[in-house]
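**Q** Residue numbers (this note's numbering): 13 to 270. Note that CB positions come from ideal geometry on N, CA and C, so glycine has one too. Every value quoted in this text rests on a predicted model; they were computed, and no experiment measured them. Got a structure for you, questions after.
Take a look at the structure:
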């Protein structure tokens, strides 16, 4: 994926860029957004009207003319849920731009010479979406962070029986502040949580997700687990019952120490 940006080390210089025009597909209910990935510090407003200071990154939209040129119709300040300066997906609802617009381009301007004021972006795209329940279903095992379990009753938590856990195919996280402060820590391997063994067995890959009709909301996130050992055979357990005294000891207890 091509990337343009204003980041550079050493002497800072003003930078600006205008991309080529990109043709929009026909409007459809399952493709309601123009999305492009961006990093850096970008000027934006959240739903409460609070300003996040940064540099200008706009989506310009227009109508293609018979001679092939595009007549610009306006610009839109993308919805940015952050956090800056990491990579994230900026969103432009197609319902918010001119209904006859059929082309878009990105206009960036970074005149700030402060070293931490930079931006980068990729070309725009119009992803075709499906709802989470259709994608994941209700049968495969899922690692539901403790903070979101009640919000996803249709997904099946992974089984854990006789000391053996089922390997999940996906993980559903809460919004980033809660994930960073709570679920990533309480569920970590250091604290005896499922992130310890799940990330030894698979690589988490972020799946782009959006809350329907509330596009600027950080609802949480979805990760797909790519198994390191996809052909592994499930454990064949031999179970039984036995009676032990309260003083029985069959080995040393391993304790994690930093």
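1. From the DSSP secondary-structure annotation, give me the bridge partner or partners of residue 73.
2. Can you give the Cα-Cα distance for residue 49 and residue 89, rounded to whole angstroms?
3. At the level of alpha carbons, what is the spacing between residue 254 and residue 199?
4. Out of 243, 229, 171, point me to the one whose CA is closest to residue 4's CA.
5. Whole angstroms is fine: what's the gap from residue 84's alpha carbon to residue 224's?
6. Using 10 angstroms around the beta-carbon of residue 23, count the other beta-carbons present and answer buried if the total reaches 16, otherwise exposed.
7. Count the other C-beta atoms from every protein chain shown that fall within 10 angstroms of the C-beta of residue 191, then say buried if there are 16 or more, exposed otherwise.
8. Looking at the unbroken beta strand (DSSP E) that takes in residue 109, where does it start and where does it end?
9. Is the beta carbon of residue 34 sitting closer than 8 Å to the one on residue 139?
10. Starting from residue 237, follow its DSSP beta bridges and name the residues at the other end.
11. Does the pairing of the stretch 123-132 with the stretch 103-114 give three or more beta-carbon distances under 8 Å?
12. Judging by CA-CA distance, which residue of 258, 160, 100, 142 is the nearest neighbour of residue 131?
13. Do you know how far the Cα of residue 36 is from the Cα of residue 111?
14. Assign residue 197 to buried or exposed, taking buried as 16 or more other Cβ atoms, counted over all protein chains shown, within 10 Å of its Cβ.
15. Roughly how many whole angstroms lie between the Cα atoms of residue 56 and residue 62?
16. Quick one: residues in its chain with C-beta nearer than 7 Å to the C-beta of residue 77, no 5 flanking neighbours on either side, listed in chain order?
17. Using C-beta distances below 8 Å, list every residue in its chain close to residue 151, excluding the 5 sequence neighbours before and after it, in chain order.
18. Just the Cα atoms here: how many angstroms apart are residue 204 and residue 174?
19. Would you mind reading off the limits of the alpha helix (DSSP H) that contains residue 131?
20. Return the CA-CA distance between residue 144 and residue 13, expressed in angstroms with no decimal places.
21. Got a sec? Which residues, its chain only, sit under 7 Å from residue 164 by beta carbon, not counting five neighbours each side?
22. So, are the CB atoms of residue 66 and residue 17 less than 8 Å apart?
**A** Let me spell this out:
1. Note: residue 73 sits in a beta bridge opposite 86, 116.
2. If you draw a straight line from the Cα of residue 49 to the Cα of residue 89, it comes to about 14 Å.
3. 32 Å
4. A question about residue 4 goes unanswered here, because the residues of the chain that appear run from 13 up to 270.
5. 28 Å
6. exposed
7. buried
8. Neither: residue 109 is in no beta strand (DSSP E) and is coded neither H nor E.
9. no
10. 216
11. Under the 8 Å Cβ criterion, the stretch 123-132 does not count as touching the stretch 103-114, having fewer than three qualifying pairs.
12. 100
13. 11 Å
14. It counts as exposed.
15. 8 Å
16. 83
17. Cβ neighbours of residue 151 beyond the five flanking positions: 168.
18. 17 Å
19. It is not in any alpha helix (DSSP H) - residue 131 instead sits in the beta strand (DSSP E) that spans 131-133.
20. 26 Å
21. 156, 184
22. no
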